[in-house]
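Shown next, in structure tokens, is the structure this report addresses.
Residue numbers (the working numbering), protein chains in the order written: chain A, 1 to 111; chain B, 1001 to 1119.
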């Protein structure tokens, strides 16, 4: 059974700092790995999707990496801004399309 | 991008009533939609997988007679919480699989969620 873990659970950084969010999964037979952002009381916004054959994806200040052999993915946020404050969720997908979510990392970027 | 809507965005109801939540893919067809539940300060838990024209597949521990799912068209899935009780109060989120539109297998786009409060 796939289990997804995110560390840390919460993170507070000053504005402008680069930061890394970690995600680990127990079953390396994933179809893809997806990173999402969730603002309080809102739905999910898809940030990046890495297919199992890929090692990383980039979008603006965000870079996500995937290492299936070690069961790890990281989300790198460069030059953080207060608007980046949110909960970040990673989810591993099986070939049936089911997503298994981590517990999330709540990020606070202080001005 | 792929847009998924949910209606209503929030609902308050009395215990024992039934509540229907709609999930629509606005600019694409979704053969598969998923329903999740999220309790405060917790992550999303998959409730069921909904395929157009067939019965939904429920996750272990989810009562199919309580959470009725209908996926009548390629753009609409509904979740009905029957005889709702306070413990059913939660944030319900749907997602749609965009494999047929973007060419990227199994990328899911999520609706904005529905906050259900049962008094």
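Every residue, glycine too, gets a C-beta built ideally from N, C-alpha and C.
Note that the structure is predicted; figures quoted are calculated from it, not measured.
Return no unless some Cβ of chain A is closer than 7 angstroms to the Cβ of residue i.
| i | result |
| --- | --- |
| residue 1026/B | no |
| residue 1107/B | yes |
| residue 1005/B | no |
| residue 1061/B | no |
| residue 1113/B | yes |
| residue 1101/B | Note on residue 1101/B: pLDDT 48, under 50, position unreliable in the model; the coordinate value appears next. Not an interface residue. |
Could you tell me if residue i is buried or exposed, where buried requires 16 or more neighbouring beta carbons within 10 angstroms of its beta carbon?
| i | result |
| --- | --- |
| residue 1035/B | buried |
| residue 30/A | buried |
| residue 1039/B | exposed |
| residue 1072/B | exposed |
| residue 108/A | exposed |
| residue 1100/B | Residue placement at residue 1100/B is poorly supported in this model, since its pLDDT is 46, which falls under 50; the coordinates still yield a value, given next. By the 10 Å Cβ count, residue 1100/B comes out exposed. |
| residue 973/B | The structure shown does not extend to residue 973/B, since chain B is modelled only from 1001 to 1119, so the question has no answer here. |
| residue 78/A | exposed |
| residue 1065/B | exposed |
| residue 1042/B | exposed |
Compare the C-beta of residue i with all C-beta atoms of chain B and state if any pair is closer than 7 angstroms.
| i | result |
| --- | --- |
| residue 44/A | yes |
| residue 2/A | no |
| residue 11/A | no |
| residue 97/A | yes |
| residue 101/A | yes |
| residue 71/A | no |
| residue 49/A | yes |
Give me the Cβ distance between residue i and residue j, rounded to the nearest whole Å; I'm assuming they're in contact under 8 angstroms.
| i | j | result |
| --- | --- | --- |
| residue 44/A | residue 1028/B | Actually they are not in contact, since the Cβ atoms of residue 44/A and residue 1028/B sit about 17 angstroms apart, beyond 8 angstroms. |
| residue 1093/B | residue 1061/B | Wrong, their Cβ atoms sit about 18 angstroms apart, outside the cutoff. |
| residue 1022/B | residue 1078/B | 5 angstroms |
| residue 74/A | residue 8/A | Rounded, the Cβ-Cβ distance is 13 angstroms, inconsistent with contact. |
Which two residues bound the contiguous beta strand (DSSP E) that contains residue i?
| i | result |
| --- | --- |
| residue 1072/B | 1067-1073 |
| residue 1007/B | 1004-1007 |
| residue 14/A | 10-14 |
| residue 77/A | 72-77 |
| residue 1028/B | Per DSSP, residue 1028/B belongs to no beta strand (DSSP E) and is neither H nor E. |
| residue 1042/B | Where residue 1042/B is concerned, there is no enclosing beta strand (DSSP E), given that its DSSP letter is neither H nor E. |
| residue 103/A | Run containing residue 103/A: none; DSSP gives neither H nor E here. |
| residue 1079/B | 1076-1081 |
| residue 1118/B | 1114-1118 |
| residue 39/A | No beta strand (DSSP E) holds residue 39/A; DSSP gives it neither H nor E. |
| residue 4/A | 4-7 |
May I ask you to report which of helix, strand or coil DSSP gives residue i?
| i | result |
| --- | --- |
| residue 1101/B | Low local confidence applies: a pLDDT of 48 at residue 1101/B is under 50, so the model's placement there is unreliable, with the coordinate-based value given in what follows. Three-state DSSP puts residue 1101/B in a helix. |
| residue 82/A | helix |
| residue 1088/B | helix |
| residue 28/A | coil |
| residue 1017/B | coil |
| residue 34/A | strand |
| residue 1054/B | coil |
| residue 89/A | strand |
| residue 110/A | strand |
| residue 18/A | coil |
| residue 95/A | coil |
Any heavy atom of the ligand GTP closer than 6 angstroms to the beta-carbon of residue i?
| i | result |
| --- | --- |
| residue 106/A | With respect to small molecules bound, the structure shown includes none, and the ligand GTP cannot be examined in it. |
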